Amino acid sequence: MELSDLLTDLEGSKMIGIGCMGGFIGMVGGMLNFDDMVLEGNKKLIFKNPRADLEFAKGVIGLATAVKNVNYNGPLAGDATELAIYGLYARIGYEIGNKFVKSVKNYIKK
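Here's what the structure looks like:
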């Protein structure tokens, strides 16, 4: 796997789309108080620590958003790296959308 192969696989339009989709999902999660539901819920998802459950759920959301955009024509290492980068962009979008909704909610409460 060469760096040039990875860079040609990563497309800017896909990255923008994935970030926007992650932002939209983050806004929906913020409106539904997803973080609070997971942190204050009585059920555990995977881990005993609710914060770890929350981070795991956000990671799964990011990877699920990114998996359909990976170009699976290259070597496995390149595809895995591409999935990780797209997942990171989806997670960043999620956090931005979630923080935006929380900021608007706090502003409205004042």
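Residue numbers (the working numbering): 141 to 250. From the three backbone atoms N, C-alpha and C, an ideal C-beta is built for every residue, glycine too. Computed from a predicted structure; not experimentally measured.
G157 versus A206 - alpha carbon distance: For the purposes of this step, residue 157 is taken as the residue at position 17 of the sequence shown. For the purposes of this step, residue 206 is taken as the residue at position 66 of the sequence shown. One C-alpha to the other measures close to 10 Å.
For T178, three-class secondary structure by DSSP: If you number the sequence shown from 1, residue 178 lands on position 38. Checking the displayed sequence, the identity of residue 178 turns out to be Val instead of Thr. Three-state result, V178: helix.
Residue environment, M167, which counts as buried when at least 16 other CB atoms sit within 10 Å: To locate residue 167, count along the sequence shown from 1; it is residue 27. That one is buried.
7 Å CB neighbourhood of L150 in its chain, flanking five on each side removed: In the sequence shown, residue 150 corresponds to position 10, counting from 1. So the qualifying residues of the chain are E222, I225.
Per-residue DSSP class, three states only, for N189: Stepping through the sequence shown from its first residue, residue 189 is reached at position 49. Reduced to three states, the DSSP call for N189 is coil.
Coil, strand or helix - N246 by DSSP: Working through the sequence shown from its first residue, we reach residue 246 at position 106. Here N246 sits in helix by DSSP.
Candidates K245, G237, L228, N238: closest to K154 by CA position: Mapped onto the sequence shown, residue 154 falls at position 14. The shortest C-alpha separation from K154 is found at L228.
Terminal residues of the alpha helix (DSSP H) in which G170 lies: Here the question's residue 170 lines up with position 30 in the sequence shown. Run containing G170: 152-171, per the alpha helix (DSSP H) assignment.
Inter-residue Cα distance where the pair is V244 and G214: The sequence position of residue 244 within the sequence shown is 104, counting from 1. The sequence position of residue 214 within the sequence shown is 74, counting from 1. Roughly 43 Å separates the two Cα atoms.
Three-state secondary structure assigned by DSSP to Y229: Your numbering for residue 229 matches position 89 in the sequence shown. Here Y229 sits in helix by DSSP.
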